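In numbering that gives the first Met the number 0, the protein residues as written are 0 to 566. Remarks on the structure that follows.
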Amino acid sequence: MRLKVKIFIQQIIVFLFLLGLLPAHAFVHRHRFIIKEAPYSKLCSSKNILTVNGQFPGPVIYANTGDTLVVNVQNDGTQNITIHWHGVKQPRYPWSDGPEFITQCPIRPGTNFSQRINLSDEEGTLWWHAHSDWSRATVNGALIIRPANKTNYPFPRPAAEIPIILGEWWKSDIQAVVNEFLGSGGDANKSDAFLINGQPGDLYPCSTNDTFKLTVEKDKTYMLRIVNAVMNNLMFFSVANHQLTVVGTDGAYVKPFKSNYITISPGETIDVLLEANQNPNHYYMGAKAYNSVVGVDFDNTTTTAIIQYRGNYTASSPPILPDLPNFDDTNASFNFTRSLKSLADKTHPINVPLNITTNLLFTFSVNTLACEDESCGGPNGDRFAASVNNISFILPRIDILEAYYKNIQGVYGDEFPSFPPLNFNFTGGSLPVELQRPDRRTEVHVLEYGTNVEIVLQGTSLLGGVDHPIHLHGYSFYVVGAGFGNFDKDKDPLNYNLVDPPLQNTIAVVRNGWAAIRFKADNPGVWFMHCHLERHVSWGMEMAFIVKDGKGSQEKLLPPPPDMPLC
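In structure tokens form, the structure reads like this:
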């Protein structure tokens, strides 16, 4: 069996080389992901969870800028699965991007799919995760992309690089959590703990030994590669008595700046340098949820790990706790995010689109749908929903990419609106109830190849409003502006940062506020955009772009591999 898999992977590599997808100089990393259940115990109880290779979090994948990964995913689990390479642009090759029923049908139990992940200009920390139902709660891991020559960090090389994956844990089976809240029409049950590298930390019951520990040497500098794999919360993160120097986000470098904490959205990655410059001792690193909505129940616990200095000394007991912002400190969250600016130097230039040819305005709303007999768990007995431009997205049963490539009719519509169908005071109070009712359809927005796109991502106050971490597949974008309230098309662009805006793939739209992003539509294919709060995705806060082919031979969507999963 293994020989057959090896031969098949070799055939895939030859196929990709013939298509021109594997440059002669590119290094090819081969990995095998076996999806299987494994028993794990936390918080005084045990359960089986879905894993890659029995690991939680999953294996860390290392590569260099411009390399190629070939990952054979074998599904030995009991449920369908897909794997998304979060933040990888996948130039002209969305076939391995991963979102279920958007770019592929799921990998069924007992089958496999060899994904080809072609790295381009990404450099820094990204990650991979399941993109089917809520499987990413336990099926995830870091993707670390180092500079091509392994030496040219734009800062002194750290003594070590440590992935820090923030996660979330339910004592219940995660699929049972999903089935319950989708069945009731209400909100999902809050989690029982947050995690750092799969461990809750010793502030939780039965967790004295379930604490991640990092040993450091005094006066050395360490890079923490932080991933927010939490399902439904932005997170505050800090290290007691240590300032952090922020140097990167979402696989791109930023102008270094010091901060006592970071705010990190679900889906986002942030790279920080930690100087071990304090008295030798034990210090907690900690993370807790940011929640901007009054009256909404959420997991308000704090996960911890321990930084322990090497040497002989008597450590504080318990370790020193970090000073994290208050859970509802909106300014702390927003101001940190607005501090990110691209490095934008000679060796790391940026290219912000200036001549915008396509302007879009997308509203992101939590909605309700009428429920028979008013018996559902949402407001007024209704069922929760969510929408983009008042369309609550319905996943098709054939993936959109296949339907587009093969011209299969009836799978999706191509009339996703450029602007909200109704113009109202998006962030006002006492909005009419009828604005809460979305349409439920499968619509995409078509972009011509090469267009310079600006999208204003506008939150609404329907049902009170909440922050929305918006993720775009297939692209990184420049965040040129953000603010509170309604976007003002006459005034707000005057304050855009067009000099050194951060290059990101996930941006938190502040509660009842907006963010403006820009990118050039030069990656043909089907690309998903969605909120990275998992319950909002389940409710329909998502849409997809089709970027058409250009005229040149290097501007066209490539054909699918021979082993695409069948619907």
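Using N, Cα and C, we set each Cβ at its ideal position, and we do this for glycine too. The model shown is predicted, which means the values in this text are computed figures rather than measured ones.
**OP:** Could you please give the first and the last residue of the uninterrupted beta strand (DSSP E) stretch that includes L471?
**Re:** H467 to L471
**OP:** Please name the residue, chosen from W133, M528, P265 and P199, that lies closest to N178 on a Cα-to-Cα basis.
**Re:** W133
**OP:** Please confirm whether P571 and R107 have their CB atoms less than 9 Å apart.
**Re:** Since the first residue of the chain shown is 0 and the last is 566, residue 571 is not available in this structure.
**OP:** Specify the secondary structure class of P492 as computed by DSSP and reduced to three states.
**Re:** helix
**OP:** Using 8 Å as the cut-off, classify the Cβ of N334 as near or not near the heavy atoms of the ligand HEM, replying yes or no.
**Re:** Of the ligands one can find in the structure shown there are none, so the ligand HEM has no counterpart to examine.
Subject >> L125 burial status per 10 Å Cβ neighbour count (16 or more: buried) >> reply: buried
Original post:
When the Cα of E433 is compared with those of G458, Y203 and L368, which residue comes out closest?
Top reply: L368
Original post:
Taking only beta-carbon atoms, is Y403 less than 9 Å away from chain B?
Top reply: The structure shown contains no chain B, having only a single protein chain.
Original post:
Are the beta-carbon atoms belonging to A331 and T220 less than 9 Å from one another?
Top reply: no
Original post:
Applying the criterion that 16 or more other CB atoms from any shown protein chain within 10 Å of the CB defines a buried residue, is V443 buried or exposed?
Top reply: buried
Original post:
What are the partner residues of K257, as DSSP defines its beta bridges?
Top reply: T244
Subject >> C-beta contact flag for N422 and S391 at 9 Å >> reply: no
Original post:
Should Y576 be labelled buried (16 or more other beta-carbon atoms within 10 Å of its own) or exposed?
Top reply: Because residue 576 is not part of the residues shown, which for the chain are 0 to 566, the question remains open.
Original post:
Using the rule of at least 16 other Cβ atoms within 10 Å of the residue's Cβ for burial, across every protein chain shown, is Q198 buried or exposed?
Top reply: buried
Original post:
Is the number of C-beta pairs between the segment 446-460 and the segment 244-251 that are closer than 8 Å three or more?
Top reply: no
**OP:** Inspect the CB distances between the segment 86-103 and the segment 467-484 and report whether three or more fall short of 8 Å.
**Re:** yes
**OP:** Pick helix, strand or coil for E442, following the three-state DSSP scheme.
**Re:** Note: E442 maps to strand in three-state DSSP.
Subject >> Limits of the unbroken beta strand (DSSP E) element including W94 >> reply: Careful: W94 lies outside any beta strand (DSSP E) and carries neither H nor E.
Original post:
Which word fits L17, buried or exposed, when buried means at least 16 other C-beta atoms lie within 10 angstroms of its C-beta?
Top reply: Summary for L17: the model assigns pLDDT 47, below 50, so the residue's position carries little reliability; its value from the coordinates is reported in the next sentence. L17 is exposed by the Cβ-count criterion.
Original post:
Do A222 and P265 have their CB atoms nearer than 9 Å?
Top reply: One detail in the question is off: residue 222 reads as Met in this sequence, not Ala. No; because the gap between Cβ atoms is not below 9 Å, this pair is not in contact.
Original post:
Alpha carbon to alpha carbon, how far is D344 from L493?
Top reply: 24 Å
Original post:
Nearest to T357 by alpha carbon, out of A187, W513, Y448 and R224?
Top reply: If you compare the alpha carbons of A187, W513, Y448 and R224 with that of T357, the shortest gap goes to Y448.
Original post:
Can you tell which of A129, D296 and P437 has its C-alpha closest to the C-alpha of H531?
Top reply: A129
**OP:** Over the uninterrupted alpha helix (DSSP H) stretch that includes H535, give me the two end residues.
**Re:** In this chain, the alpha helix (DSSP H) harbouring H535 covers E533 to W538.
**OP:** Can you give me the start and stop residues for the alpha helix (DSSP H) that I399 sits inside?
**Re:** I399 to K405
Original post:
How long is the line joining the alpha carbons of T137 and I48, rounded to whole angstroms?
Top reply: 7 Å
Subject >> Pairwise C-alpha distance: H30 and V4 >> reply: Per-residue confidence for V4 stands at a pLDDT of 48, beneath the threshold of 50, marking its modelled position as unreliable; the derived number appears in the next sentence. Taking the straight line from one Cα to the other gives about 11 Å.
Subject >> Chain-order list of residues whose beta-carbon lies under 8 Å from that of A515 (same chain, five-residue window excluded) >> reply: E453, I454, V455, L456, V478, V479, G480, A481, F486, D491, P492 and Y495
Subject >> Residues bridged to Q114 [DSSP beta-bridge criterion] >> reply: V70
Original post:
Less than 9 Å separating the beta-carbons of Y282 and P255?
Top reply: no
Original post:
How should S45 be labelled, buried or exposed, when 16 other C-beta atoms within 10 angstroms of its C-beta is the threshold for buried?
Top reply: exposed
Original post:
So what does DSSP say about T623, is it helix, strand or coil?
Top reply: There is simply no residue 623 to check, as the chain begins at 0 and stops at 566 in what is shown.
Original post:
DSSP puts I516 in a beta bridge; with which residues?
Top reply: I454 and V478
Subject >> Nearest-angstrom Cα separation, counted from D120 out to H529 >> reply: Answer to the nearest angstrom: the Cα atoms are 23 Å apart.
**OP:** Classify I173 as helix, strand or coil using the three-state DSSP reduction.
**Re:** helix
**OP:** Check whether the Cβ atoms of T426 and A520 sit closer than 9 Å, and answer yes or no.
**Re:** No; because the gap between Cβ atoms is not below 9 Å, this pair is not in contact.
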